[in-house]
Amino acid sequence: MVAGQMSVARNYVYNTILQITNILVPFITVPYLSRVLGPEGVGIVAFSGSIVQYFILFGVLGLTLYGNRSIAYVSASTEERSRVFWELVLLKAASTALALVAFYLFLQVTSPQNLPVYLVQSTLIIAAALDVSWLFMGMEDFKKTVTRSLFMKLLGASLIFILVKTSQDFVLYALIGAGTTLFGQLIMWTYVPKYIEKVSFNSLRFRRHLRGTVRLFIPTVAVEVYVVLDKTMIGLISTDAEVGIYEMSQRLVKMALSLVTSMGVVMIPRMSAVVARRDSNLLNSYARRSFHFATYGSIFVAAMIMGVIPDFAPIFFGEAFLKTVDVIRTIVPVVVFIAWSNVLGMQLMVPMKLERRLTLSVSLGAMINFPLNLLLIPFLGAIGAAISSVVAEFSVTASQLFLMRKEIKISSLFSEFHKHLLSGIVALTLMSLISALPLPPLALVFLELLVGAITYLVMQKLFKTEINALVIAKLRSFLKRS
């Protein structure tokens, strides 16, 4: 094994630590921000951020995924790894420079309200140009990216409490987010010399990457556009307050979902290496295990959110965001669909270089999402966008299952689905019954989560699910080594 590479289990634990931090930090900052900035302030930052994201998307050109995969392919050779690294870094620098110029031209032409927020968030385009996390992911060295992210999250949270004091401080809030992101990317460059050496500029071959980046750029655009499009369309069709409600709803769901999809980041380089060795049996084994884990984790997360959200939302978001209860209950099925599509798309299609299929599946989601948003947002606002997202994500996952039916035995992926689903239903039912108890709100939330989690795990034990036994064994092994 190449120096610096680690086991999938260890990398998953590192990534899970990061995802837990991604959950815990917002648990501290979101209640504060929702009360200080209100739905409108949150909505202004979210809407302007969605606009900036389009320019980042076109500037990055799918290079993050492509770079992760490309580095994994050449991880054994320092010389070739260095050449690939510099080729991709310079390509991205050129493309993001064009994106930054295009963004400033866009601001000149449109003259949007709250211009300072847009100018502050343009820093994110520069941060995207400097992002080299794909190098460390490709080398399966997640410790550095996790350490960096933990530091930046804590720094950002501290600055929010120090600087954001009134509803007019939304520009400062945007500046904190963009500034810590940029600083974090700069820090990662100090670790680059461990894996990368200097190469002659004349030895670089940029053109060999153009086809690969474009092939990954198209599905990346399709995915990101319809993810960001929701907030953009709510802002254009409805109000900033509705954007704020949708943003907070999405943030809570994504916080929980990140625990499940973190396996995808870990598995891409490992899957790429298996594909390079043409080991189809091992690939199928990894795919089955990863899909089972995604099902196990996502149904648990969805059940916990559904059961606790009516009592949790007023405590967490405040009275101004009570509509998030209906939005979150509507959108929560995407947790399962995204977890599945993460395995099928990111962990299988990308390493197998089946980008055309990935493009087709996510393009279908985008084509469904856009007209549904046009139809539903004018009448239902954030709830309409949530319905559109659920239908779109289901379409993506269903099409990916169909497109991968010859490479992967689909029936094996769902062999224990009914056990996970029943475990989730039983847990959700008990949580709903507990919700009627005359207890203080915070005590009620803790009791619901405790009973729901214990019920889910007990049901898994009774059903003797393969993945539950594997997860427990891996955790015990890791704790012993630690």
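Position one of the sequence shown corresponds to residue 16 (the numbering used here), numbered consecutively onward. Cβ coordinates follow ideal geometry from the N, Cα and C atoms, glycine included.
The straight-line gap separating the alpha-carbon atoms of F429 and L120 is approximately 50 Å.
Classified as exposed, T205 has fewer than 16 neighbouring CB atoms from the shown chains inside 10 Å of its CB. The C-alpha of V236 is placed about 25 Å away from the C-alpha of T345.
K421 carries a coil assignment under DSSP once its states are collapsed to helix, strand and coil. Sequence-distant partners of A328 (beyond 5 residues in either direction) whose C-beta falls short of 6 Å from its own C-beta, in its chain, are T339, V340. Of S427, G153, L459, the smallest CA-CA separation from P366 is found for G153. One Cα belongs to P41, the other to M167, and the distance between them is close to 13 Å.
Y311 sits close to I482, with the two beta carbons spaced by under 8 Å. Taken through DSSP and simplified to helix, strand or coil, N129 comes out as coil. In this structure, A407 keeps its C-beta atom at 8 Å or more from the C-beta atom of I249. In this structure, F118 sits near F70, with a CB-CB distance shorter than 8 Å. Judged by their CB atoms, S305 and G396 are not nearer to each other than the 8 Å cut-off.
Across the structure, Y133 and F332 are spaced so that their CA atoms are roughly 25 Å apart. For T412 against F352, the beta-carbon gap comes to about 5 Å, under 8 Å, which counts as contact.
Non-local beta-carbon contacts of M321 in its own chain, meaning distances under 7 Å to residues more than five positions away in sequence, involve R344, V347, L443 in chain order. Contact between A318 and A354 is absent: CB atoms are separated by about 13 Å, not below the 8 Å threshold. When DSSP states are grouped into helix, strand and coil, P453 belongs to the coil group. Across the structure, L477 and A468 are spaced so that their CA atoms are roughly 14 Å apart. In the structure shown, S90 adopts coil according to DSSP, grouped into three states.
The residue among S97, V161, D146, A114 with its C-alpha nearest the C-alpha of E212 is S97.
Contact between the segment 39-54 and the segment 167-182 is established, with three or more Cβ pairs separated by less than 8 Å. Annotation: the continuous alpha helix (DSSP H) that includes W355 extends over 349-356.
Of the residues L416, V323, I402, S404, the one whose Cα lies closest to the Cα of L457 is V323.
T205 carries a helical assignment under DSSP once its states are collapsed to helix, strand and coil. Of all C-beta pairs linking the segment 141-161 to the segment 190-208, three or more are shorter than 8 Å, placing the two stretches in contact.
In the three-state reduction of the DSSP assignment, F332 falls in the coil class, being assigned neither a helical nor a strand state.
The DSSP-derived three-state label of Y210 is coil.
The continuous alpha helix (DSSP H) containing T345 extends over residues 339-346.
The C-beta distance from V135 to V75 rounds to 20 Å, too long to meet the 8 Å contact threshold. Spatial neighbours of L219 in its own chain (CB-CB distance under 8 Å, excluding positions within 5 residues in sequence) are listed in chain order as R98, W101, E102, L105. With respect to T36, L165 sits close: the two C-beta atoms are nearer than 8 Å. A residue is called buried once 16 or more other Cβ atoms fall within 10 Å of its Cβ, and Q183, having fewer, is exposed. DSSP places M154 in the coil class of the three-state scheme, outside both helix and strand.
Sequence-distant Cβ neighbours of P127 in its own chain, meaning closer than 7 Å and more than five residues away, are Y133. When C-alpha distances from R303 are compared across Q362, R84, M446, the shortest belongs to Q362.
Of the other Cβ atoms in all chains shown, fewer than 16 fall within 10 Å of the Cβ of R223; this residue is therefore exposed.
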